[in-house]
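Here's the structure, in structure tokens; my notes come after.
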Amino acid sequence: MPERDLAAVVLAAGKSTRMLSARPKVLHEVAGRPLLAWVLDAAREAGCREIVVVVGHGADEVRSAVAAADVRFAVQEEQRGTGHALAQAAAHVTGSETLLVLSGDAPLLRSATLSRLAEAAEESWGALAVAELEEPGSLGRVIVAESGHLARIVEAADATAEEIAIRTVNAGIYALPAPEIFTVLARLKTDNAKGELYLTDALGDAAALGNEVSVVALDDATEALGANDRRDLGRIHRTFITRKLEELEIAGVTVLDPLTTRVEPQVEIGADTVLHPDVSLMGVSRIGSECVLHQGAWLRDSTVADGAVIEPYCVLDGAVVGAGCSVGPFARLRPGARLEAGSKVGNYVEVKNATLGPGAKVGHLTYLGDAEIGAGANIGAGVVTCNYDGERKHRTVVGERAFVGSDTMLVAPVEIGNDATTAAGSVINRDVPDGALAIGRSRQRNVEGWAALRAKRRKQ
Ligand code: UD1
Ligand code: MG
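Residues 9 to 468 in the working numbering are what the sequence shown lists, from first letter to last.
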């Protein structure tokens, strides 16, 4: 748990140049959420009560995407570099404190790292996080003095051949003293490849003036990954998923094929659950213990209770599946679908805004929308709740233990009583009392000798 009061500034005003995108860079999504949202989460987890986000490019879009009670915005009208961006937050920073400065495009940082940085900054003038990367790419190279403190940071665009070979990179995560840092920023110059005011130069300047800037090495170098182009985006997304799968495996979840399995960080899964290949679990979803999710299960914002089985190729979106239920193969559960314990949904069944009582069964080729199905009821193949009259939606209620025959059209609003039966092929548009049999179809007529009669007619 965080012990100190921390403030954070997140730089998020930059352009999206190398993304080749109309969307502000920090709103590109990884693991189901915008880059910036993950950065804000890490700041919150590290104990920041208030976060200043510096916006500029696509400011309105960025504001509305991350608006929250603990977030304030500073505007950088013209994008003149990271140092200039941080300077725009000065008015929002009051008193003297340790300021966490984060990049809105680097979402893999952990809150523990922020706490380590803040601690290191208390012992020195400030601190920055560095990582050793095999492929340092476009990241800034960090030059460490013999004392172990920072000497300076060279941006890739400005680096000499010798400097570009350095593998120690600037993660873009800092803990800096306020208001001192703003004095240093005021002296920045644009004499570099990009003609920008680099925040990194400010740290070098502070060091050159004899201030000790701590260099904190990241144990996990992936925390330093920032998204400047779409390849970075893909790498960051994959890293989030890999981290999550490993976390689940350590907690007792079987992931049969990690390379094809996608579980977003916010998903929770109980022990002894098995994930088959090609499973995607997204958004705020919760899966219980001892569940089996077979190949191709696609779940978003859904809950699955203990012991349930999702057969291959099902889509669950905003659905709730009770303990011991069985779903699919090839079922679609839409928002408001609610399966109570032990109920069963089979192939080619669509359920929307409908509840299936305990033990109810709907096996094949059915649409249930705006409906309430009683405990133990059986819905035959091809049943349709005709819930929409072209203007409004209406409800269907099916009683406990009712038997709805195959191909019944339930024209809503309509109610089928407890223990009632509908004959196969019926169109039911009036309520059916408890225990009754409803037949809503034309009576069958057999024409004897029809084949012979037809043959005779043809000859003539
Ligand atoms: C920056 C660092 C680099 C580091 C890397 C880590 C500088 C000069 N370089 O490079 O050393 O390795 O981050 O990811 O700081 N931004 C603004 N206003 C601006 C420019 C940028 O708000 O005028 C924001 C961007 O939206 C972004 C962040 O600052 O969220 C970093 O900017 P970016 O352009 O991505 O810098 P890098 O080249 O990645
Ligand atoms: Mg960047």
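The beta carbon of each residue, even a glycine, is placed where N, CA and C say it ideally should be.
Residue i in three-state terms, based on DSSP
{"i": "H157", "result": "coil"}
{"i": "V192", "result": "helix"}
{"i": "K467", "result": "helix"}
{"i": "R239", "result": "helix"}
{"i": "W306", "result": "strand"}
{"i": "T106", "result": "strand"}
{"i": "L519", "result": "Because the chain in this structure spans residues 9 to 468, residue 519 falls outside the shown range and cannot be described."}
{"i": "G134", "result": "strand"}
{"i": "E11", "result": "Summary for E11: the model assigns pLDDT 47, below 50, so the residue's position carries little reliability; its value from the coordinates is reported in the next sentence. The answer is coil: DSSP assigns E11 none of H, G, I, E or B."}
{"i": "I174", "result": "coil"}
{"i": "S450", "result": "coil"}
{"i": "W458", "result": "helix"}
{"i": "T269", "result": "coil"}
{"i": "R471", "result": "With the chain running from 9 to 468 in the structure shown, residue 471 is simply not present."}
{"i": "F248", "result": "helix"}
{"i": "V3", "result": "Outside the shown range of the chain (9 to 468) lies residue 3, about which nothing can therefore be said."}
{"i": "G377", "result": "strand"}
{"i": "A129", "result": "helix"}
{"i": "G112", "result": "coil"}
{"i": "L117", "result": "coil"}
{"i": "G212", "result": "helix"}
{"i": "R342", "result": "coil"}
{"i": "T230", "result": "helix"}
{"i": "L28", "result": "coil"}
{"i": "R124", "result": "helix"}
{"i": "A39", "result": "coil"}
{"i": "L217", "result": "coil"}
{"i": "A16", "result": "strand"}
{"i": "A362", "result": "strand"}
{"i": "A410", "result": "coil"}
{"i": "A99", "result": "helix"}
{"i": "A21", "result": "coil"}
{"i": "A93", "result": "helix"}
Run of the alpha helix (DSSP H) containing residue i, from where it starts to where it stops
{"i": "I151", "result": "Looking at the DSSP string, I151 is not in any alpha helix (DSSP H); the run it does join, the beta strand (DSSP E), is R149 to V152."}
{"i": "K202", "result": "It is not in any alpha helix (DSSP H) - K202 carries neither H nor E in the DSSP assignment."}
{"i": "S72", "result": "A67 to V74"}
{"i": "D397", "result": "It is not in any alpha helix (DSSP H) - D397 carries neither H nor E in the DSSP assignment."}
Whole-Å CB distance - residue i paired with residue j, under 8 Å assumed
{"i": "D240", "j": "L233", "result": "7 Å"}
{"i": "L184", "j": "A129", "result": "7 Å"}
{"i": "L376", "j": "A362", "result": "4 Å"}
{"i": "A385", "j": "G365", "result": "7 Å"}
{"i": "A410", "j": "D427", "result": "6 Å"}
{"i": "D378", "j": "T404", "result": "7 Å"}
{"i": "S434", "j": "G425", "result": "The pair is not a contact, with the Cβ atoms about 15 Å apart (cut-off 8 Å)."}
{"i": "L196", "j": "Y182", "result": "Not really, about 15 Å apart at Cβ, beyond 8 Å."}
{"i": "S297", "j": "T281", "result": "6 Å"}
For residue i, the residue or residues it bridges with in DSSP
{"i": "F81", "result": "V61"}
{"i": "M417", "result": "V392 and V435"}
{"i": "G355", "result": "Checking the sequence, you will find Asn at residue 355 rather than Gly. According to DSSP, N355 bridges with H372."}
{"i": "P185", "result": "T106"}
{"i": "R294", "result": "E276 and T311"}
{"i": "V440", "result": "I424"}
{"i": "T168", "result": "According to DSSP, T168 bridges with nothing at all."}
{"i": "S334", "result": "V317 and K352"}
{"i": "L301", "result": "L283 and I318"}
{"i": "L445", "result": "T429"}
{"i": "I387", "result": "V370 and V412"}
{"i": "L347", "result": "V329 and L364"}
For residue i, the first and last residue of its enclosing beta strand (DSSP E)
{"i": "L141", "result": "No beta strand (DSSP E) contains L141, which DSSP labels as neither H nor E."}
{"i": "E423", "result": "V422 to I424"}
{"i": "L289", "result": "S288 to M290"}
{"i": "L48", "result": "Here L48 belongs to no beta strand (DSSP E); instead the alpha helix (DSSP H) covers L43 to E53."}
{"i": "T404", "result": "T404 to V406"}
{"i": "L324", "result": "V323 to D325"}
{"i": "V223", "result": "V221 to A225"}
May I ask you to verify whether the stretch 186-203 touches the stretch 87-104, counting CB pairs closer than 8 Å and requiring at least 3? With a cut-off of 8 Å on Cβ pairs, the stretch 186-203 is in contact with the stretch 87-104, counting three or more such pairs.
Spell out a yes or no on whether the stretch 262-270 and the stretch 53-60 are touching, meaning 3 or more CB-CB pairs, one atom from each, closer than 8 Å. By the Cβ test, the stretch 262-270 is not in contact with the stretch 53-60, since fewer than three Cβ pairs between them sit closer than 8 Å.
Are there three or more Cβ pairs, one per stretch, closer than 8 Å when the stretch 337-347 is compared with the stretch 381-397? In short, these stretches do not touch, since the Cβ pair count stays below three.
Taking 8 Å as the threshold, find out whether the stretch 108-121 comes into contact with the stretch 40-59 through three or more Cβ pairs. The stretch 108-121 vs the stretch 40-59: in contact.
Would you say the stretch 274-283 touches the stretch 61-78, given that touching needs at least three Cβ pairs under 8 Å? Touching, no, given that fewer than three Cβ pairs across the two stretches are closer than 8 Å.
Measuring CB atoms only, is the stretch 211-218 touching the stretch 153-167, in the sense that at least three cross pairs come out at less than 8 Å? Yes, since at least three Cβ pairs between the stretch 211-218 and the stretch 153-167 fall closer than 8 Å, the two stretches touch.
Are there three or more Cβ pairs, one per stretch, closer than 8 Å when the stretch 70-78 is compared with the stretch 136-143? No, the stretch 70-78 does not touch the stretch 136-143.
Using 8 Å as the cut-off, can you tell me whether the stretch 179-195 makes contact with the stretch 240-254, which would need three or more C-beta pairs spanning the two stretches below that distance? Too few Cβ pairs lie closer than 8 Å, so no.
Do the stretch 14-25 and the stretch 95-109 make contact, defined as three or more Cβ pairs closer than 8 Å? A contact exists between the stretch 14-25 and the stretch 95-109.
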